[in-house]
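To start, the structure itself, in structure tokens.
Numbering (the working numbering), first residue to last: 2 to 233.
Rendered as structure tokens:
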């Protein structure tokens, strides 16, 4: 187990290909003008081609025996129960996509919206890549991961972002800054924590990669993927 703040840098080809359905989910058809499907797909292809040159994938993380943050979150405490290790991390895809969003906000609102959605999908793909690497390491010891849990999620206050930034030194290590409203720059950045548990009992596993929405308490989230039960 590591107990030092470390940095991982990824190349674009290290990250899974863009999940188009996820981009559309983040974009939300309700926010897109009445354009043909063909035209929307064309604009999305343009956005992806332009953005991929601007993205930088960086993660800073700490693996330790217990979370070095005091908190009163019942949900987080429950998640980390019986965990032999925790990993807190911050991930970002850089400022390039923020610049593209700002550039297109006035000249092409549709592309600006698609860039926002693409950025959300890409930073989640980066988090999934990082988590999959940690899981591959711990699986050799018969262990598995809990789901990711971020400040602002459930009963874990957004203000705890400050502790992540202090402990991980996010600004100096990977160039993420935090303002007084707890908003991060670059905007497509994530902070989160997950636990490492003994065993491979999938019945107890909250999958951090697929079906994250099924374990989220915010059932009214506009980005939520419906489960088969909710669709009925």
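Idealized CB from N, CA, C, for every residue including glycine. These numbers were taken from a predicted model, which means no experiment stands behind them.
{"Check": "Best match in 40, 59, 84 for proximity to residue 12 [C-alpha to C-alpha]", "Outcome": "59"}
{"Check": "Contact between the segment 87–96 and the segment 186–196 (3+ Cβ pairs under 8 Å)", "Outcome": "yes"}
{"Check": "Enclosing alpha helix (DSSP H) for residue 166 [first to last residue]", "Outcome": "162–169"}
{"Check": "Delimiting residues of the alpha helix (DSSP H) encompassing residue 1", "Outcome": "No statement about residue 1 is possible, as the shown extent of the chain runs from 2 to 233 and does not include it."}
{"Check": "DSSP bridge partner residues for residue 36 (one or two, in chain order)", "Outcome": "Per DSSP, none; premise fails for residue 36."}
{"Check": "DSSP three-state assignment for residue 11, whether helix, strand or coil", "Outcome": "strand"}
{"Check": "Beta bridge counterpart(s) of residue 146 as assigned by DSSP", "Outcome": "197"}
{"Check": "Opening and closing residue of the alpha helix (DSSP H) in which residue 75 lies", "Outcome": "75–81"}
{"Check": "Of the listed residues 165, 125, 113, nearest to residue 105 (C-alpha basis)", "Outcome": "113"}
{"Check": "Contact under 8 Å by Cβ, residue 21 with residue 56", "Outcome": "no"}
{"Check": "Residue 81 versus residue 135: straight-line alpha-carbon distance, rounded", "Outcome": "16 Å"}
{"Check": "Helix, strand or coil at residue 191 according to DSSP, with G and I counted as helix", "Outcome": "strand"}
{"Check": "Beta carbon of residue 174 nearer than 8 Å to that of residue 15", "Outcome": "no"}
{"Check": "Where residue 121 falls, given that 16 or more other Cβ within 10 Å makes a residue buried", "Outcome": "buried"}
{"Check": "7 Å CB neighbourhood of residue 141 in its chain, flanking five on each side removed", "Outcome": "none"}
{"Check": "Other residues of its chain near residue 37: CB distance less than 8 Å, five sequence neighbours each side excluded", "Outcome": "none"}
{"Check": "Selected residue, minimal CA-CA separation from residue 166, among 48, 69, 53", "Outcome": "69"}
{"Check": "Own chain, CB closer than 7 Å to residue 103, minus 5 neighbours either side, in chain order", "Outcome": "none"}
{"Check": "Short Cβ contact (8 Å threshold) for residue 61 with residue 6", "Outcome": "yes"}
{"Check": "Residue 110, buried or exposed, once every other Cβ within 10 Å from all chains shown has been counted against 16", "Outcome": "exposed"}
{"Check": "Residue 160 classed as buried or exposed, judged by whether at least 16 other C-beta atoms fall within 10 angstroms", "Outcome": "exposed"}
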